[in-house]
Amino acid sequence: MKRLGNPLISISAPLLILLAITGLLHREGKNKIQAIPALVVGSGLVLTGAVRRFRRRRMLFLEMKEDMNDHKF
Numbered sequence: 175m176k177r178l179g180n181p182l183i184s185i186s187a188p189l190l191i192l193l194a195i196t197g198l199l200h201r202e203g204k205n206k207i208q209a210i211p212a213l214v215v216g217s218g219l220v221l222t223g224a225v226r227r228f229r230r231r232r233m234l235f236l237e238m239k240e241d242m243n244d245h246k247f
């Protein structure tokens, strides 16, 4: 299994979402709009990571399945 290079990078997207939610809760009126880009970017990073991880696992599973079918006689 691969070791994480920098754990701070791993939690940066969730922290960005948390910061955006905090900004939304503490601001009033039109100032709340300023927190929306951070929320969108953080959510996009988390979603992209989840989709990438799902695709990688699916491809690995398909390769394992194909390899097992090749070895059967």
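Read in order, the letters of the sequence shown correspond to residues 175 to 247 in this note's numbering.
Cβ coordinates follow ideal geometry from the N, Cα and C atoms, glycine included.
Check: Distance between beta carbons of residue 212 and residue 193, contact taken as under 8 Å; Outcome: 6 Å
Check: Touching by the beta-carbon criterion (3+ pairs, under 8 Å), the segment 193–206 and the segment 223–241; Outcome: no
Check: Nearest-angstrom Cα separation, counted from residue 181 out to residue 238; Outcome: 30 Å
Check: Pairwise C-alpha distance: residue 245 and residue 217; Outcome: 42 Å
Check: Endpoints, the alpha helix (DSSP H) within which residue 210 is located; Outcome: 210–245
Check: Through-space distance from residue 222 to residue 234, alpha-carbon basis; Outcome: 18 Å
Check: Rounded straight-line distance, which links the Cα of residue 242 to that of residue 199; Outcome: 53 Å
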